[in-house]
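Colleague: 7 is the number of the first residue of the sequence shown in the numbering used here; add one for each residue after it. Yeah, the Cβ is synthetic: ideal placement off N, Cα and C, and Gly gets one too. Note that this is a predicted model, so its numbers are computed, not measured.
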Amino acid sequence: MSWLRTTARRRRRPLFGGASAVAVADRTPADRDRALDGLRALALLAVPVGHWLIGGFTLDGGGALHNASLLTAVGGLAPASWVLQMLGIFFLVGGHASVLSLRRATGRGGSVRSWLGGRLVRLGRPVLGVTAVWAMLLPLLYGLGVPEATLRTGATLVIQPLWFVGVYAVITALTPCCVRAARWMGAWAAAPLAASVAVVDFLRYGPYAEAVPPWLSLLNLLPGWMFAYQLGVSWGERRLGRRAAWSLLLGGAAVFAALLLFFHYPASMVGVPGQHRTNSHPPSLLVLALAAAQSGAAVLLRDRLARLLRRPALWAPVALVNLSALTILCWHQTAMLSLAVPASFLGQLPGLTSSPDSLGWLLARLAWLPVFAAALLLIGRSTRRFEAPWTGVTRARRAAAALLAAGFGAFALGLA
7 MSWLRTTARR RRRPLFGGAS AVAVADRTPA DRDRALDGLR ALALLAVPVG
57 HWLIGGFTLD GGGALHNASL LTAVGGLAPA SWVLQMLGIF FLVGGHASVL
107 SLRRATGRGG SVRSWLGGRL VRLGRPVLGV TAVWAMLLPL LYGLGVPEAT
157 LRTGATLVIQ PLWFVGVYAV ITALTPCCVR AARWMGAWAA APLAASVAVV
207 DFLRYGPYAE AVPPWLSLLN LLPGWMFAYQ LGVSWGERRL GRRAAWSLLL
257 GGAAVFAALL LFFHYPASMV GVPGQHRTNS HPPSLLVLAL AAAQSGAAVL
307 LRDRLARLLR RPALWAPVAL VNLSALTILC WHQTAMLSLA VPASFLGQLP
357 GLTSSPDSLG WLLARLAWLP VFAAALLLIG RSTRRFEAPW TGVTRARRAA
407 AALLAAGFGA FALGLA
């Protein structure tokens, strides 16, 4: 999105509304696929909204914060996660975009290795930035009297979304294989991935579940999230048309309903503390069924969405979200913590540091969402530089950042 970066540098006014929105629209290349950007923005924003709505805290007698989930107390809200879980859309768009990017790179004479190296570096910079910054914040906050339990809670929340970047990086590295599979099998190239997840689910939840080691579920990690990415690659290769999209939408919805009604999969698409089974860590067949239905709907609605995003007032925020994609992903939990940690010294504030145990808490949390969003905007003004190339940063500083990031990771994972 170099065209947008140029616009952002040249114009000092906000990108939202008025002449700024028109300027962004005017500078957008005519062949830009706005529908893909719109889908990506929707999937990205679902991540902080979902975490902010469902994830809360409990405050212990010592004033320390501990993670808690609204779904533990109000399980009837689980269907909301069917809407907020949009990682399937993100992987779908990622696969499509990767095909186009790889095609352009090789068309200019570049190699697959150089293309992949550039993609992985762009993914790694923001992750390294947020973890290094938090590594420096931890001793400072501890010195200011923040309990260690609160710091561990915060570290867990910060590192939680970053697994996605690691999985996405591995799948991105497999893009050439996905392209070959799409050219050979079309949309059916995703079927073996779904079959693999179904076999693992049968083993861990079927009649032989007690004899299956717990680590077997990890076999679903790569094929589970690669499923929608492979569909996106097939879409980018023009091997996924409207007929296949209708099959994905209707078939995915039917499998989703069957798994819930007859095979007793958990209704929540995200993990709920205390539940024996989880759909998302690693992904179960229910996640793939939802991703299939969402992917089919995305393909069918593409043209309509593209027309809608011709309006400058709608396109400008979509462009801005795409420009700050990894900043949103990496820093949205920090935005919430920037309010919750100071508030923990004041006691239980409804919707912030009080226990997420009722619909009343949800109403209070809804009132906090604009405040979280404002905090994220303020934090993002400084941290978005991590997404840009680290020009002028010496090797010594990069090594120091990597060391700090590794230390923070060890702390967050309970290894230190």
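1) If contacts are defined as beta-carbon pairs under 8 angstroms, then Phe262 and Ala234 qualify, I think. What distance do you get, rounded to the angstrom?
2) Where do the N-terminal and C-terminal ends of the beta strand (DSSP E) with His72 fall, by residue?
3) Going by the DSSP bridge assignment, what does Thr64 pair with across the sheet?
4) Check Ser223 in the structure and name its three-state DSSP category.
5) Using a threshold of 8 angstroms, state whether the C-beta atoms of Ala74 and Leu126 are closer than that.
6) Rounded to the nearest angstrom, what separates Ala84 and Ser117 at their Cα positions?
7) Closest by CA to Val347, which one among Arg38, Leu65, Phe96?
8) Would you mind reading off the limits of the alpha helix (DSSP H) that contains Ala322?
9) Applying the criterion that 16 or more other CB atoms from any shown protein chain within 10 Å of the CB defines a buried residue, is Gly94 buried or exposed?
10) Following the continuous alpha helix (DSSP H) through Ala370, name the residue where it begins and the one where it ends.
11) For Leu134, which residues in the same chain have their Cβ closer than 7 angstroms to its Cβ, ignoring the five residues on either side in sequence?
12) Look at the alpha carbon of Pro145 and the alpha carbon of Thr159, and state the distance between them as a whole number of angstroms.
13) Could you check what DSSP says for Ser301 in three-state terms: helix, strand or coil?
14) Using C-beta distances below 6 angstroms, list every residue in its chain close to Ser87, excluding the 5 sequence neighbours before and after it, in chain order.
15) Give the C-beta separation of Phe392 and Pro167 to the nearest angstrom, bearing in mind that I take them to be a contact with Cβ-Cβ under 8 angstroms.
16) In three-state DSSP terms, what is Ser117?
17) CA-CA distance, Gly123 and Val218?
18) Does the pairing of the region 281 to 292 with the region 219 to 238 give three or more beta-carbon distances under 8 angstroms?
19) What do you reckon, are the CB atoms on Leu222 and Leu209 nearer than 8 angstroms?
20) On the criterion of 16 or more Cβ atoms from any shown chain inside 10 Å, does Arg317 qualify as buried, or is it exposed?
21) Using only the alpha-carbon positions, how far apart do Gly61 and Pro362 sit?
22) So, helix, strand or coil for Ser107, using DSSP?
23) How is the alpha helix (DSSP H) around Ala207 delimited, first residue to last?
24) Hey, would you say Asn285 sits closer than 8 angstroms to Arg46, going by beta carbons?
25) If Gly238 and Gly44 are in contact, beta carbons under 8 angstroms, what's the gap, nearest whole angstrom?
26) In whole angstroms, give me the CA-to-CA distance for Ala193 and Pro279.
27) Going by alpha carbons, who is nearest to Ala304 out of Leu108, Gln339, Gly247, Thr359?
28) Under a Cβ-count criterion, where at least 16 other Cβ atoms within 10 Å of its own Cβ denotes burial, should Glu154 be classed as buried or exposed?
29) For the pair the region 338 to 354 and the region 379 to 392, tell me if three or more CB-CB distances fall below 8 angstroms.
30) Report yes if the C-beta distance between Ala4 and Ser253 is below 8 angstroms; otherwise report no.
31) Would you say Asn73 touches the ligand FAD, meaning its beta carbon is less than 7 angstroms from a heavy atom?
32) Where does Ala25 land, buried or exposed, given buried means 16+ other C-beta within 10 angstroms?
33) So Ala4 is in the alpha helix (DSSP H); what residue range does that whole segment cover?
34) Just verifying my parser: in three-state terms, what is the DSSP assignment at Pro289?
35) Using three-state DSSP, classify Leu296 as helix, strand or coil.
36) DSSP on Arg18, reduced to helix/strand/coil?
Modeller: Result, derived from the coordinates:
1) For this step, residue 262 is matched to residue 256 along the sequence shown. For this step, residue 234 is matched to residue 228 along the sequence shown. With a Cβ gap of about 14 angstroms, Phe262 and Ala234 do not count as contacting.
2) For this step, residue 72 is matched to residue 66 along the sequence shown. Per DSSP, His72 belongs to the beta strand (DSSP E) from 71 to 75.
3) In the sequence shown, the residue the question calls residue 64 occupies position 58. Thr64 pairs with His72.
4) As a working mapping, residue 223 is identified with position 217 in the sequence shown. Ser223 falls in the helix class under three-state DSSP.
5) Taking the sequence shown and counting its residues from 1, the one referred to as residue 74 is at position 68. Taking the sequence shown and counting its residues from 1, the one referred to as residue 126 is at position 120. No, Cβ-Cβ distance for Ala74 and Leu126 is not below 8 angstroms.
6) Here residue 84 is taken as the residue at index 78 of the sequence shown, counted from 1. Here residue 117 is taken as the residue at index 111 of the sequence shown, counted from 1. C-alpha separation (whole angstroms): 45 angstroms.
7) As a position in the sequence shown, residue 347 is number 341, starting the count at 1. For Val347, the closest of Arg38, Leu65, Phe96 by C-alpha to C-alpha distance is Leu65.
8) As a working mapping, residue 322 is identified with position 316 in the sequence shown. Segment 318 to 329, the alpha helix (DSSP H) holding Ala322.
9) Locating residue 94 in the sequence shown gives position 88, where the first residue counts as 1. It counts as buried.
10) To locate residue 370, count along the sequence shown from 1; it is residue 364. Looking at the DSSP string, the run of the alpha helix (DSSP H) that includes Ala370 is 365 to 389.
11) By 1-based counting over the sequence shown, the position of residue 134 is 128. Contacts found: Ala407, Ala408, Ala411.
12) Numbered from its first residue, the sequence shown carries residue 145 at position 139. Numbered from its first residue, the sequence shown carries residue 159 at position 153. Pairing Pro145 with Thr159, the inter-Cα distance amounts to about 15 angstroms.
13) Taking the first residue of the sequence shown as position 1, residue 301 is located at position 295. In the structure shown, Ser301 adopts helical secondary structure according to DSSP, grouped into three states.
14) Along the sequence shown, read from residue 1 onward, the residue named residue 87 stands at position 81. Within the same chain, and ignoring the five residues on either side of Ser87 in sequence, the residues whose Cβ sits closer than 6 angstroms to its Cβ are Ser274, Met275, Val276.
15) Against the sequence shown, residue 392 aligns to sequence position 386. Against the sequence shown, residue 167 aligns to sequence position 161. With a beta-carbon spacing of about 15 angstroms, Phe392 and Pro167 fall beyond the 8 angstroms limit used to define contacts.
16) Taking the sequence shown and counting its residues from 1, one reaches residue 117 at position 111. In the structure shown, Ser117 sits in coil (DSSP, three-state: anything other than H, G, I, E or B).
17) Start at 1 with the first residue of the sequence shown, and residue 123 comes out as number 117. Start at 1 with the first residue of the sequence shown, and residue 218 comes out as number 212. If I take the Cα positions, the gap works out to 38 angstroms.
18) Touching, yes.
19) Sequence index remark: in the sequence shown, residue 222 carries index 216 (1-based). Sequence index remark: in the sequence shown, residue 209 carries index 203 (1-based). Leu222 places its beta carbon less than 8 angstroms from that of Leu209.
20) Stepping through the sequence shown from its first residue, residue 317 is reached at position 311. Burial check for Arg317: the Cβ neighbour count within 10 Å stays below 16, so the residue is exposed.
21) The residue labelled residue 61 in the question sits at position 55 within the sequence shown. The residue labelled residue 362 in the question sits at position 356 within the sequence shown. Per the coordinates, the alpha-carbon of Gly61 lies some 8 angstroms from the alpha-carbon of Pro362.
22) For this step, residue 107 is matched to residue 101 along the sequence shown. DSSP, read as helix, strand or coil, puts Ser107 in helix.
23) Start at 1 with the first residue of the sequence shown, and residue 207 comes out as number 201. Per the sequence presented here, residue 207 reads as Asp, with Ala not at that position. For Asp207, the uninterrupted alpha helix (DSSP H) segment begins and ends at 197 to 211.
24) Your numbering for residue 285 matches position 279 in the sequence shown. Your numbering for residue 46 matches position 40 in the sequence shown. A distance of 8 angstroms or more separates the beta carbons of Asn285 and Arg46.
25) In the sequence shown, residue 238 corresponds to position 232, counting from 1. In the sequence shown, residue 44 corresponds to position 38, counting from 1. Beta-carbon to beta-carbon, Gly238 and Gly44 are separated by about 15 angstroms, too far to satisfy the 8 angstroms threshold.
26) In the sequence shown, counting from the first residue as 1, residue 193 sits at position 187. In the sequence shown, counting from the first residue as 1, residue 279 sits at position 273. Per the coordinates, the alpha-carbon of Ala193 lies some 36 angstroms from the alpha-carbon of Pro279.
27) In the sequence shown, the residue the question calls residue 304 occupies position 298. Proximity to Ala304 across Leu108, Gln339, Gly247, Thr359 peaks at Gly247, based on C-alpha coordinates.
28) Working through the sequence shown from its first residue, we reach residue 154 at position 148. Burial call: exposed.
29) They touch, by the three-pair rule.
30) Because the chain spans 7 through 422 in this model, residue 4 falls outside it and cannot be assessed.
31) Of ligands this structure carries none, so the ligand FAD is not represented either.
32) The residue you call residue 25 lines up with position 19 of the sequence shown. The predicted position of Ala25 is uncertain, since its pLDDT is 43 and thus under 50; a value taken from the coordinates is nonetheless stated next. Ala25 is exposed by the Cβ-count criterion.
33) Outside the displayed span of the chain (7 to 422) sits residue 4, for which this structure offers no information.
34) As a working mapping, residue 289 is identified with position 283 in the sequence shown. Here Pro289 sits in strand by DSSP.
35) The sequence position of residue 296 within the sequence shown is 290, counting from 1. In the structure shown, Leu296 sits in a helix (DSSP, three-state: H, G or I).
36) Here the question's residue 18 lines up with position 12 in the sequence shown. Low local confidence applies: a pLDDT of 39 at Arg18 is under 50, so the model's placement there is unreliable, with the coordinate-based value given in what follows. Three-state DSSP puts Arg18 in coil, outside helix and strand.
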